[in-house]
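In the numbering used here, the protein residues as written are -2 to 481.
Note that the Cβ used here is the ideal one computed from N, Cα and C, for glycine as well.
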Amino acid sequence: MALPTLRMIAFILGIFLITLAISMGIPILTLLTMGAEERLSDFLWPALISLGCGLAMVLPGQPRHVQLRPRDMYMLTTSSWVVVCIFAALPMVFIQHISYTDAFFETMSGITTTGSTVLTGLDHASPALLIWRSMLHWLGGIGFIGMAVAVLPLLRVGGMRLFQTESSDWSEKVMPRSHMVAKYILGIYVAFTLLGFLAFWWAGMTPFEAINHSMSMISTGGFSTSDSSLAHWTQPAVHWVAVLFMILGSLPFTLYVAYLRGHRKALFRDQQVRGFLGFLLVTWLVFGTWLWFNSDNDWLDAFRIVALNVTSVVTTTGVALGDYTLWGSFSILLFFYLTFIGGCSGSTAGGLKIFRFQVAYVMLKANMQQMIHPRAVIKQQYNNHAIDDDIVRSLITFSFFFTITIGVIALGLALIGLDWVTALTGAATAVCNVGPGLGPIIGPAGNFATLPDSAKWLLSIGMLLGRLEIITILVLLTPAFWRH
């Protein structure tokens, strides 16, 4: 990789670090508001360190006549997530006095919107720490939306090229310039956050709890201000507000832009959106009825409990309303399957994404028709886009390595000494960016604090791989990438 290209990547990383340092001003203001000036150094020193390193990368100036190629974007995308996590972990070391391993794990979980945690005593934790955790979710969520819309289709990762036409057409059909798309998406993201804050406040949360959970829900992150997650609030309105904003965060943000620009039917006609919402509704009804038959809850309560927990897992948010692993073997296995689904492309959600299941169904249907009519010419389309060989190859490659990654990380965790349930579900929840796993250790009622440091580093790698769609990182490990 040429030196000017590396300088350009360093320049962009410097901007990210300066932005991170500025973001640390919000927890500092929180400390000033609560009269804890003696704790300002917990965020002041990390902010100064981040700012200093950012300025050191930016001050040499932006290299001229350097244009990043697709191969350079692999390096920029991966390094930006890693570098930001390295510096964003510093406040947790200062304020919680935990090891850097725990701080990095918590930060990687936050910024990848996974929601796995090593912290306890959140009900009495410093407000500055709580707001910083939620901000990591919020920053990571908007960062991934931008990457999913602008970068991943360009890199042809995991069938994402299906959405390249949409993302490239906005500049011509929806707005005069492509950079306006980013402004609209950011405006919508901020607007949803403010609406979520007002809705949670109206539903019964305090203003501080409301803003934290609003950032957590719209980013499909999962961090809460209570160890018992959303079970801490008994008001049904709180639970339904959470369901609503988890869903809003899991839908394609480019379609929100299209809706605002006059394409009123774009959101509701989208095959991915219809499939995602339909899947959620059917699962709520079937699973809610099952829980009604097998518990003491009335049907409305069973439906609400199932709706929140199912939406949380499918959208990879990771909040919980009680310990659903106590419902029996059927529910445990079902929630394990739901871990892999994910939301829509171009959203804050992780997982395999619903469109890949839909494309796989289209391919299966076409293959069966070809077997019945060998001479027929069968068109394969998804959302009015042709599914060509390049998309099929990319999708199969991604799905294969997604599965292999979970298997390898699970084997690594078992080698470290974890039981098979913790190892398998821990690997799955990390790569799918869901948050809680299954079992007594990392299940909805537990956390990741007792895991060995080596397991936390391995899971951190899994979170990063899952958030960046696997191939984005794996390509950096090939010798061909580093050849001049």
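Annotation for T75: the continuous alpha helix (DSSP H) segment containing it runs P67 to A85. A check of alpha carbon separations from V235 across R266, W198, T217 and S221 identifies W198 as the nearest. The alpha-carbon separation between L278 and G107 amounts to approximately 28 Å.
Judged by beta-carbon spacing, W42 lies beyond the 9 Å limit of M89, meaning their Cβ atoms are not closer than that value. Our two residues, D385 and I393, have alpha carbons roughly 12 Å apart in a direct line.
Counting only unbroken stretches of 4 or more residues, the alpha helix (DSSP H) elements lying wholly within the stretch 2 to 65 are 22 to 30 and 38 to 55, in sequence order. Judged by their CB atoms, L245 and F332 are not nearer to each other than the 9 Å cut-off.
Here I470 has T75 and L462 as same chain residues with Cβ atoms under 6 Å from its own Cβ, once five neighbours each way along the sequence are excluded. The stretch 95 to 113 makes contact with the stretch 449 to 459, as at least three CB pairs between them are under 8 Å. P57 is the residue among G32, P57, P24 and L37 whose C-alpha sits nearest the C-alpha of A7. Boundaries of the alpha helix (DSSP H) harbouring T400: D386 to I413, taken from the DSSP string. Along the stretch 263 to 349, the alpha helix (DSSP H) occurs as fully enclosed runs of 4 or more residues at 263 to 266, 268 to 290, 296 to 311 and 326 to 335, listed in sequence order. If you ignore the 5 residues before and after V359, its C-beta comes within less than 6 Å of the C-beta of Q377 and Y379, all in its own chain and listed in chain order.
In this chain, the alpha helix (DSSP H) harbouring M243 covers P233 to G246. Your pair V80 and M5 does not check out as a contact, with CB atoms roughly 15 Å apart and the cut at 8 Å.
The straight-line gap separating the alpha-carbon atoms of I92 and P24 is approximately 11 Å. The beta-carbon separation of I413 and P449, rounded to 6 Å, stays under the 8 Å limit for a contact. Here DSSP, grouped into helix, strand and coil, assigns H210 to helix.
In this structure, the beta-carbon distance from S113 to I439 falls below 9 Å. Distances from the CA of L48 to each of T30, Q59 and F84 were compared; the closest alpha carbon is that of F84.
In this structure M368 is exposed. Its beta-carbon is surrounded by fewer than 16 other beta-carbon atoms within 10 angstroms. Each residue's CA atom was taken as its position, placing I351 and L116 some 31 Å apart.
Beta-bridge annotation (DSSP): Y253 is not paired with any residue. Rounded to the nearest whole angstrom, the C-alpha separation of A(-1) and L257 is 42 Å.
Boundaries for N444: no alpha helix (DSSP H) harbours it, and the DSSP string shows neither H nor E there. Around L65, the same chain offers T2, M5, I6 and L73 as residues with beta carbons nearer than 8 Å, after the five sequence neighbours per side are excluded.
According to DSSP, residue pairing for H121 in a beta bridge does not occur.
Ranked by Cα distance from V240, the options G138, K180, F284 and T312 are led by T312.
By the criterion of a C-beta distance shorter than 6 Å, F273 is surrounded in its chain by C341 and I351, once the five residues flanking it on both sides are discounted.
When secondary structure is reduced to three states using DSSP, Q93 falls in the helix class. Contact between Q232 and P249 is ruled out by a C-beta separation of about 30 Å, above the 8 Å threshold. By the 16-neighbour rule on beta-carbons within 10 angstroms, D295 is exposed. One thing to note: I467 has its Cβ within 9 Å of the Cβ of F398.
Rounded to whole angstroms, Q59 and T27 show a C-alpha spacing of 35 Å. Its chain contains T110, S216 and T345 as the residues whose beta carbon lies nearer than 6 Å to that of G138, once the 5 sequence neighbours on both sides are disregarded; these appear in chain order.
DSSP places Q378 in the strand class (E or B) of the three-state scheme.
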